[in-house]
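Participant: Oh and the sequence shown: position 43 is 64 in my numbering, straight run, nothing missing. Ideal placement from N, C-alpha and C gives every residue a C-beta, glycine not left out.
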Amino acid sequence: MRVLQEHGHEVVALVGADLDSGNLEGVDVERRDLDLLDAGSVHKALDGGEVLVHNAACYSFWEPDPQYIYRVNVGGTRHVLAAAREHGYRRIVYTSSTATLTPSLDRDVESEEGLLDLRRFHGHYKCSKMLAEIAVLREIARGLPGVIVHPTAVIGPGDRRPTPSGGIVLHFINGRMKAYADTALNLVDVEDVARGHVLALERGEPGERYILGGENSGLGEVAGLLSELTGIAAPRVAIPAGLLGVAGRVGEWLADHVTHRTPLVDRESTLHALRNRPVDSSKAVRELGYSWRPMRVTLARAVHWFVENGYCKPRFARRIRAHGVLERAAAGLPAEA
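The structure is reproduced here in structure tokens:
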């Protein structure tokens with residue numbers, strides 16, 4: 022919202038009546054109730070607009086009712102597309118995910134050239150995002166002036182739920198990361214992604230797809246940086262791929278049949294980790310003017326927000342503050358000599 026306003030856009034926030042809207046506190050913006058599952062509600066909420074950024078989604082790898090993910094991500098997107106078409110919107114930016122991408126034909130890197138392939142998708146979140154993106158592409162083929170953006174793993178201030186991406190940081194700073202899978206990982210700051218959406222709105226070519234990512238790295242490297250920032254020891258044990266897959270299946274079975282709560286490890290996230298590849302954001306850099314901040318700063322900003330907003334256990338929060346590195350790093354300043 023703030024980035025759109027900074028670029029001179031008059032913004033209306035469409036917010037689910039039963040959802041946490043705390044991130045809008047202090048933002049001077051008109052709000053309208055929106056129920057993505059109700060076509061009439063969506064049609065009413067979109068009345069009077071000209072351009073739309075559709076980033077509402079169920080970003081979850083496990084839900085007690087998996088069909089809820091599809092109702093929101095696929096059904097909700099179809100409602101939005103129909104309403105935008107009926108109201109004559111002149112530009113739409115749809116937030117997809119790098120989860121829908123596959124490696125390029127000639128490189129082991131995920132890019133916009135990767136083709137959507139249902140056979141590759143194992144998990145409700147990925148399948149739902151792919152089906153939603155197909156719906157968007159069909160509307161674009163019918164003349165809808167749409168642009169698609171693919172954020173990587175987004176972290177940073179305002180992660181109130183928190184998301185699966187933020188959960189990586191949160192597990193570490195609460196001492197729960199006892200081992201790691203040395204998988205490819207691309208973390209990006211939420212503010213860089215927000216700015217990328219605005220650039221796509223203003224400069225993106227209709228029908229094009231743009232990856233909005235940060236630095237390519239591995240989870241082991243991320244854990245090492247988090248240790249440097251927090252003073253909490255990084256895990257030294259790397260989990261073999263086979264064992265990680267078993268852990269995901271067991272964790273999800275327990276969640277489905279015993280605890281009925283979000284598992285610490287689930288099947289979809291482990292499959293995602295095992296199949297991750299580096300991503301290429303150069304198209305967004307070249308065509309939109311997109312850029313991202315260093316991963317160290319991105320991680321520091323995420324940790325700082327979690328610590329200052331009560332998501333970190335007190336004993337670990339005290340240790341992180343006493344370590345004395347986080348404040349300067351979050352501000353993008355070099356470590357003190």
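Just the Cα atoms here: how many angstroms apart are residue 207 and residue 176?
Facilitator: Counting from 1 along the sequence shown, the entry for residue 207 is found at position 186. Counting from 1 along the sequence shown, the entry for residue 176 is found at position 155. Cα-Cα distance, rounded: 10 Å.
Participant: For residue 204, write down the residues that DSSP places opposite it in a beta bridge.
Facilitator: By one-based count along the sequence shown, residue 204 stands at place 183. DSSP, once it has assigned bridges, lists no residue as partnering residue 204.
Participant: Using the beta-carbon count (16 or more within 10 Å), is residue 52 buried or exposed?
Facilitator: Position 31 of the sequence shown holds residue 52. Flag for residue 52 reads exposed.
Participant: If you compare alpha carbons, which of 36, 100, 112, 334 is closest to residue 220?
Facilitator: One-based indexing of the sequence shown puts residue 220 at position 199. The candidate whose alpha carbon is nearest that of residue 220 is 112.
Participant: Relative to the C-alpha of residue 253, which residue among 24, 306, 347, 340 is closest?
Facilitator: The residue labelled residue 253 in the question sits at position 232 within the sequence shown. Closest by alpha carbon: 340.
Participant: Taking all protein chains shown into account, do 16 or more other C-beta atoms lie within 10 angstroms of the C-beta of residue 326, making it buried, or fewer, making it exposed?
Facilitator: Position 305 of the sequence shown, counted from the start, is the residue given in the question as residue 326. It counts as buried.
Participant: Rounded to whole angstroms, what's the CA-CA distance from residue 227 to residue 269? Just pull it up for me.
Facilitator: In the sequence shown, the residue the question calls residue 227 occupies position 206. In the sequence shown, the residue the question calls residue 269 occupies position 248. Going from the Cα of residue 227 to the Cα of residue 269 covers about 39 Å.
Participant: Give the single residue among 79, 189, 41 whose Cα lies nearest to the Cα of residue 320.
Facilitator: Here residue 320 refers to the residue found at position 299 when the sequence shown is read from its first residue. Selected option, being the one with the closest Cα: 189.
Participant: Residue 236 lies in the beta strand (DSSP E); which residues open and close that run?
Facilitator: Taking the sequence shown and counting its residues from 1, the one referred to as residue 236 is at position 215. Run containing residue 236: 236-239, per the beta strand (DSSP E) assignment.
Participant: Give the secondary structure of residue 58 by DSSP, where H, G and I count as helix, E and B as strand, and everything else as coil.
Facilitator: Taking the first residue of the sequence shown as position 1, residue 58 is located at position 37. The answer is coil: DSSP assigns residue 58 none of H, G, I, E or B.
Participant: By DSSP, does residue 33 sit in helix, in strand, or in coil?
Facilitator: As a working mapping, residue 33 is identified with position 12 in the sequence shown. Residue state, collapsed to three classes: strand.
Participant: To test your reading of the DSSP string, which unbroken alpha helix (DSSP H) runs of 4 or more residues are found completely within the region 273-320?
Facilitator: With a minimum length of 4 residues, the continuous alpha helix (DSSP H) runs that stay inside the region 273-320 are 288-296, 303-309.
Participant: Given that a residue counts as buried once 16 or more other Cβ atoms are within 10 Å of its Cβ, and exposed if not, what is residue 214?
Facilitator: Here residue 214 is taken as the residue at index 193 of the sequence shown, counted from 1. Under this definition residue 214 is a buried residue.
Participant: Among the candidates 251, 98, 294, whose CA atom is the shortest distance from the CA of residue 202?
Facilitator: Against the sequence shown, residue 202 aligns to sequence position 181. The option with the nearest alpha carbon to residue 202 is 294.
Participant: Can you grab the Cα-Cα spacing for the pair residue 155 / residue 264, in whole Å?
Facilitator: Position 134 of the sequence shown, counting from 1, holds the residue named residue 155. Position 243 of the sequence shown, counting from 1, holds the residue named residue 264. Cα to Cα, the separation comes out at about 34 Å.
Participant: What three-state label does DSSP hand residue 192 in the structure shown?
Facilitator: Taking the first residue of the sequence shown as position 1, residue 192 is located at position 171. Correct three-state label for residue 192: helix.
Participant: Using DSSP bridges, identify the partner residues of residue 75.
Facilitator: Within the sequence shown, numbered from 1, the residue matching residue 75 stands at position 54. BP columns for residue 75 point to 115.
Participant: Taking the alpha carbon of residue 32 as the reference point, which residue from 44, 42, 72 has its own alpha carbon closest?
Facilitator: By one-based count along the sequence shown, residue 32 stands at place 11. Selected option, being the one with the closest Cα: 72.
Participant: For residue 198, which residues of its own chain have a beta-carbon under 6 Å away from its beta-carbon, when the five flanking residues on both sides are left out?
Facilitator: Within the sequence shown, the letter at position 177 stands for residue 198. Closer than 6 Å at Cβ, skipping near neighbours: 192, 256.
Participant: Run through DSSP, which three-state label would residue 231 get?
Facilitator: In the sequence shown, residue 231 corresponds to position 210, counting from 1. Of the three classes helix, strand and coil, the one that applies to residue 231 here is strand, per DSSP.
Participant: By a C-beta neighbour count over all protein chains shown, 10 Å radius and 16 as the cutoff for buried, is residue 307 buried or exposed?
Facilitator: The residue labelled residue 307 in the question sits at position 286 within the sequence shown. Exposed, because fewer than 16 other Cβ atoms sit within 10 Å of the Cβ of residue 307.
Participant: Rank 119, 76, 168 by C-alpha distance to the C-alpha of residue 296 and give the top, closest one.
Facilitator: Here residue 296 is taken as the residue at index 275 of the sequence shown, counted from 1. Among 119, 76, 168, the Cα nearest to that of residue 296 belongs to 119.
Participant: Less than 8 Å between the beta carbons of residue 209 and residue 172, yes or no?
Facilitator: Taking the first residue of the sequence shown as 1, we reach residue 209 at position 188. Taking the first residue of the sequence shown as 1, we reach residue 172 at position 151. Cβ distance < 8 Å, so residue 209 and residue 172 count as in contact.
Participant: Per DSSP, what are the beta-bridge partners of residue 322 in this structure?
Facilitator: The residue given as residue 322 occupies position 301 in the sequence shown. According to DSSP, which records beta bridges pairwise, residue 322 is partnered with nothing at all.
Participant: Name the residue from 110, 105, 246, 274 whose alpha carbon lies nearest to the alpha carbon of residue 316.
Facilitator: Looking up residue 316 in the sequence shown gives position 295. Of the candidates 110, 105, 246, 274, the one whose C-alpha sits nearest the C-alpha of residue 316 is 246.
Participant: So is residue 75 buried or exposed if we call it buried at 16+ other beta carbons inside 10 Å?
Facilitator: Against the sequence shown, residue 75 aligns to sequence position 54. Label assigned to residue 75: buried.
Participant: Assign residue 90 to buried or exposed, taking buried as 16 or more other Cβ atoms, counted over all protein chains shown, within 10 Å of its Cβ.
Facilitator: Position 69 of the sequence shown holds residue 90. Classification for residue 90: buried.
Participant: Please name the residue in 100, 330, 354, 242 whose C-alpha comes closest to that of residue 66.
Facilitator: Counted from its first residue, the sequence shown places residue 66 at position 45. It is 100 whose Cα lies nearest to the Cα of residue 66.
Participant: For the beta strand (DSSP E) holding residue 172, just list the boundary residues, first then last.
Facilitator: In the sequence shown, the residue the question calls residue 172 occupies position 151. Segment 167-172, the beta strand (DSSP E) holding residue 172.
Participant: My understanding is that residue 108 touches residue 68, with C-beta atoms under 8 Å, so please give their C-beta distance in whole angstroms.
Facilitator: If you number the sequence shown from 1, residue 108 lands on position 87. If you number the sequence shown from 1, residue 68 lands on position 47. Right, their Cβ atoms sit about 6 Å apart.
Participant: Residue 233: which of 84, 273, 284, 212 sits nearest, CA to CA?
Facilitator: Position 212 of the sequence shown, counting from 1, holds the residue named residue 233. Among 84, 273, 284, 212, the Cα nearest to that of residue 233 is on 212.
Participant: Below 8 Å between beta carbons: does that hold for residue 230 and residue 169?
Facilitator: Counting from 1 along the sequence shown, the entry for residue 230 is found at position 209. Counting from 1 along the sequence shown, the entry for residue 169 is found at position 148. For residue 230 and residue 169, yes; Cβs fall inside 8 Å.
Participant: Would you mind reading off the limits of the alpha helix (DSSP H) that contains residue 155?
Facilitator: Taking the first residue of the sequence shown as position 1, residue 155 is located at position 134. Per DSSP, residue 155 belongs to the alpha helix (DSSP H) from 145-162.
Participant: Please confirm whether residue 184 and residue 80 have their CB atoms less than 8 Å apart.
Facilitator: One-based indexing of the sequence shown puts residue 184 at position 163. One-based indexing of the sequence shown puts residue 80 at position 59. Yes.
Participant: Which first and last residues belong to the alpha helix (DSSP H) in which residue 38 is found?
Facilitator: Position 17 of the sequence shown, counting from 1, holds the residue named residue 38. Neither: residue 38 is in no alpha helix (DSSP H) and is coded neither H nor E.
Participant: Under three-state DSSP, which class holds residue 341?
Facilitator: Locating residue 341 in the sequence shown gives position 320, counting from the first residue. Reduced to three states, the DSSP call for residue 341 is helix.
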